[in-house]
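In the working numbering, the protein residues as written are 176 to 357.
Working notes, structure below.
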């Protein structure tokens, strides 16, 4: 995943996720810590894939609930989206689940009175160490990119996708190179 233009909170969470993948027991990890970022913790959520193919929100931070205007636990994450945006987001979730790497959705959240806020939603699989097993849980971060004060306390009701950055699971390895000489 290309992460040059992501929000600093997203970078902290991605770095923590990469450390978890490299060392699942967490011994000797260094770098920025999620625990030191209270505003980040309040925007984290966990999704679980159910047998009926819905992605239920299993836990959500208080700030995320406030931004959406309702308690998200036990609601289908895809219900935040409609039409083609719902289809694209569903395909994105499948890509993260199957590829086992993090991905980002950029979009716009809109209030009922038409105020808009750019958002960045990062998702990463939680089933560490299960390379061949189907992943069923994801850690997510719902991060507004602008000032939340512009929303005047109104919840984000409608979500629209503007960009999807799928997982980049290319493996670095030997490359074939053809050299011709006379």
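Yeah, the Cβ is synthetic: ideal placement off N, Cα and C, and Gly gets one too.
Across the structure, residue 321 and residue 183 are spaced so that their CA atoms are roughly 13 Å apart. In terms of Cα proximity to residue 328, the closest of 240, 186, 214, 225 is 240.
Contact check for residue 342 against residue 270 passes: the beta carbons are separated by less than 8 Å. The region 275 to 350 is shown to contain no whole alpha helix (DSSP H) run of 4 or more residues. Distances from the CA of residue 248 to each of 256, 223, 291, 286 were compared; the closest alpha carbon is that of 223. Note on geometry: alpha-carbon atoms of residue 326 and residue 289 lie some 9 Å from one another. Per DSSP, residue 224 is one residue of the beta strand (DSSP E) stretching across 219 to 224.
Excluding its 5 nearest sequence neighbours in each direction, residue 283 has C-beta neighbours in its own chain below 8 Å: 291, 292, 293, 294, 334, 335, 337, listed in chain order. Separation of residue 287 and residue 330 (C-alpha to C-alpha, rounded to the nearest whole angstrom) is 8 Å.
Exposure of residue 225 is indicated by the presence of fewer than 16 other C-beta atoms within 10 angstroms of its C-beta.
In the assembly as shown, residue 185 is a buried residue. Its beta-carbon has 16 or more other beta-carbons within 10 Å. Secondary structure note for residue 192: its alpha helix (DSSP H) is the uninterrupted segment 183 to 197. Residue state for residue 239 is assigned as helix, using DSSP reduced to three classes.
The alpha-carbon separation between residue 312 and residue 324 amounts to approximately 32 Å. Within a 10 Å sphere around the beta-carbon of residue 277 sit 16 or more other beta-carbons, which makes this residue buried. In the DSSP annotation of this structure, the continuous segment of the alpha helix (DSSP H) that includes residue 215 starts and ends at 213 to 216.
One thing to note: residue 316 has its Cβ no nearer than 8 Å to the Cβ of residue 242. Residue state for residue 247 is assigned as coil, using DSSP reduced to three classes. Separation of the CB atoms of residue 217 and residue 236 is rounded to 4 Å, and the pair is thereby assigned contact status at 8 Å.
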